[in-house]
Ligand SMILES: [Zn+2]
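Residue numbers (the working numbering): 647 to 820.
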């Protein structure tokens, strides 16, 4: 138990993937810069109940976390299968407005820029159209969020990867 790793987007920089809690990083600033981390969190299951020793952290909102039913279910599943949590692709940016970008730049000291800027310039209008089209694509700006309500069996993942590899080999062996 206590699979604690770095994770973005929470109240602390570490996350325990076993009990679904955010955990503070106690490594010093110099170590953190190098990607190192330390924590005082230890969790385990004893007679069907979650026990936490040391740092309790903050339970993630909306995440299934570890109630007693979940603990028992997960312990049973772990005996039978290896699994990962499903990830869902989430769009981080659904709109980018060049007018806002220009106005924000003006706030940084170019006060007269917003008055003199030609918002009707055809290339500026074209820029908005291109941004809109680009944001509809799959993008490197998208993020994968873990969905801890759905487990994916590792055996299925391995089989899917094998099939994908065979398809690629077929395509390039011609
Ligand atoms: Zn934990």
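Glycine included, C-beta positions come from ideal geometry on N, C-alpha and C.
Asked                                                                                                                                                               : Found
Can you give me the Cβ contacts of residue 796 inside the same chain, cut-off strictly under 8 angstroms, excluding the 5 residues immediately before and after it? : 731, 732
Looking at the strands, I want to know which residues DSSP matches up with residue 700.                                                                             : 687
So does the segment 785-799 actually touch the segment 761-775, counting three or more Cβ pairs closer than 8 angstroms?                                            : no
Would you give the residue range spanned by the beta strand (DSSP E) that residue 773 belongs to?                                                                   : Counting along the chain, residue 773 falls outside any beta strand (DSSP E), though it belongs to the alpha helix (DSSP H) covering 768-782.
Within a Cβ cutoff of 6 angstroms, which residues of the same chain sit near residue 736, ignoring the five residues on either side of it in sequence?              : 789, 791
Any heavy atom of ligand 1 closer than 8 angstroms to the CB of residue 742?                                                                                        : no
Report the CB separation of residue 704 from residue 665 in whole angstroms; it is logged as a contact under 8 angstroms.                                           : Actually they are not in contact, since the Cβ atoms of residue 704 and residue 665 sit about 11 angstroms apart, beyond 8 angstroms.
When the Cα of residue 748 is compared with those of 771, 739, 740, which residue comes out closest?                                                                : 771
How would you write the range of the beta strand (DSSP E) that residue 652 sits in, first residue to last?                                                          : 650-652
Is it true that the CB of residue 667 sits closer than 9 angstroms to the CB of residue 724?                                                                        : no
Contact check, residue 658 vs residue 671 under 8 angstroms by CB: the rounded distance?                                                                            : 7 angstroms
Quick one: does the C-beta of residue 698 sit closer than 8 angstroms to a heavy atom of ligand 1?                                                                  : yes
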